[in-house]
Amino acid sequence: MTEPAPIVSVIVPCRNVAGTLVRCLDSIRAALPPGGEIIAVDDGSTDATGEILKAYVDDYACLRVTASFGRGVSAARNAGLALARGTYIQFVDADDTVEEGFCTQMIAAMDRDKADYCICSFWQEYVDSSRPGGEVKLKEPYHYTSAEEIRRFYLPRLIGYTLGDVFRRLLGQDVFARKRELGGVWRCCYRRAIIEQTPVRFDETVTLFEDALFNVEYLIAAHSMTSVSAPLYDYLLDSRTSTVSGTTKDARRYCANKLALLRARKRLDALAGGTLAPLYRGSSVFSLAEIALRTLRGEVPRREGLRFLAAYIKEMLK
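Position 278, counted from 1, in the sequence shown is what the numbering used here calls 294; the numbers after and before it change by one each time, with no gaps.
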């Protein structure tokens, strides 16, 4: 007899997270509906992460473990997607936790609205800073019932900034914080059928903003979306271990990511029939300026920086 598919697969990429993994897995297990599964992907950990996962597998039938051998968070998530059997897909980072309704409330909203995608508010906490945390609310409630509405009203919040945004910023208007919706996949719920039919995967050449790219590619194929105003995810920011912090401090890696990000955006623009380019042209201008500035400051060797600039301009003009 064929085993019924899980209602949801929650994918957790893990790399050297022994200090936070137990509370993360415990919070997911408390939020998991009956018949749900957790897929933990050990991305080449050198601490006790593997031992913790082995102990949990022995105790909890809902947990499955695989490995991605140190290839990065995108590869780890892709490895999880390859194993996932759930009707719905969710992602959790192993240094974060989730609220009790993380799975059930978003799934219920998608069922109620017959939606292909759901996004929620979240809690944000800084562990190594005096900056205050708190609830990060949705920019607005979202309820779209066509692909056209999603592309017109929501994708501009994810893909980047327009040239108009750049000019408004130069005039002193804070358009960025008002416009952007943080595109983390950990605050979203997806239908696996759409992921597999497209197929959507994480771009393993991009080390920053890969979440937003995944969301854009998924939403190009989606026909409806909804939202949950409640904060269902607890997002922990730690600059000592953050991929964002590590990439921005490494100037070579930062410039290489800018080039990879431009190529990824252009690929998505082609998928969307050429409709996305106006939405990220301002971001391309900013990225070009950032590469030039890092070269002028000597953060990147001059010759290498000029190569990055030439490659970026060439890609922009294609």
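Glycine included, each C-beta is placed from N, C-alpha and C at the ideal position.
Whole-angstrom distance between residue j and residue i, CA atom to CA atom
{"i": "R184", "j": "D190", "result": "8 Å"}
{"i": "L154", "j": "A98", "result": "30 Å"}
{"i": "L187", "j": "E306", "result": "19 Å"}
{"i": "G52", "j": "L284", "result": "31 Å"}
{"i": "S43", "j": "L295", "result": "37 Å"}
{"i": "T178", "j": "S300", "result": "9 Å"}
{"i": "A21", "j": "M332", "result": "44 Å"}
{"i": "R167", "j": "V316", "result": "37 Å"}
{"i": "V114", "j": "L48", "result": "10 Å"}
{"i": "D58", "j": "E233", "result": "25 Å"}
{"i": "G262", "j": "R281", "result": "With a pLDDT of 48 at G262, under the threshold of 50, the predicted position of this residue should be treated as unreliable, though the coordinate-derived value follows. Whole-angstrom Cα-Cα distance: 22 Å."}
{"i": "L45", "j": "F118", "result": "One point to set straight first is that residue 45 is Arg, not Leu, in the sequence displayed. Roughly 11 Å separates the two Cα atoms."}
{"i": "G321", "j": "T223", "result": "19 Å"}
{"i": "L325", "j": "Y142", "result": "34 Å"}
{"i": "G289", "j": "G314", "result": "39 Å"}
{"i": "D63", "j": "P29", "result": "15 Å"}
{"i": "R207", "j": "D109", "result": "19 Å"}
Three-state class that DSSP yields for residue i in the structure shown
{"i": "D75", "result": "helix"}
{"i": "I55", "result": "strand"}
{"i": "Q213", "result": "helix"}
{"i": "S303", "result": "helix"}
{"i": "S137", "result": "strand"}
{"i": "P20", "result": "coil"}
{"i": "T311", "result": "helix"}
{"i": "P320", "result": "The amino acid at residue 320 is misidentified as Pro; the sequence shows Glu. Of the three classes helix, strand and coil, the one that applies to E320 here is helix, per DSSP."}
{"i": "E151", "result": "strand"}
{"i": "T85", "result": "Sequence check: residue 85 is Phe here, not Thr. It is coil, neither helix nor strand."}
{"i": "D250", "result": "strand"}
{"i": "S245", "result": "strand"}
{"i": "T113", "result": "strand"}
{"i": "Y160", "result": "strand"}
{"i": "P335", "result": "Outside the displayed range of the chain (17 to 334) lies residue 335, so it cannot be described from this structure."}
Of the listed residues the options, nearest to residue i (C-alpha basis)
{"i": "T161", "options": "T311, H239, V89, Q106", "result": "H239"}
{"i": "K195", "options": "A209, V81, F169, V201", "result": "F169"}
{"i": "L37", "options": "A71, C271, E19", "result": "A71"}
{"i": "L248", "options": "I236, C205, R279", "result": "C205"}
{"i": "L253", "options": "D111, T103, R101", "result": "D111"}
{"i": "V244", "options": "A125, A327, G200", "result": "A125"}
{"i": "A92", "options": "Y328, H159, F107", "result": "F107"}
Burial state of residue i, where buried means 16 or more other Cβ atoms lie within 10 Å
{"i": "V250", "result": "In the sequence on display, residue 250 carries Asp and not Val. Looking at its Cβ environment, which holds 16 or more other Cβ atoms inside 10 Å, D250 is buried."}
{"i": "F85", "result": "exposed"}
{"i": "E197", "result": "buried"}
{"i": "S146", "result": "exposed"}
{"i": "T311", "result": "buried"}
{"i": "K274", "result": "buried"}
{"i": "E226", "result": "buried"}
{"i": "L373", "result": "As displayed, the chain neither begins before 17 nor continues past 334, which places residue 373 out of reach and without an answer."}
Beta carbon proximity, residue i to chain B, threshold 9 Å
{"i": "D132", "result": "This model lacks chain B altogether; it includes just one protein chain."}
Those runs of the beta strand (DSSP E) which lie wholly inside the stretch 168-241 and span at least 3 residues
Counting whole runs of 3 or more residues, the stretch 168-241 contains the beta strand (DSSP E) stretches 204-207.
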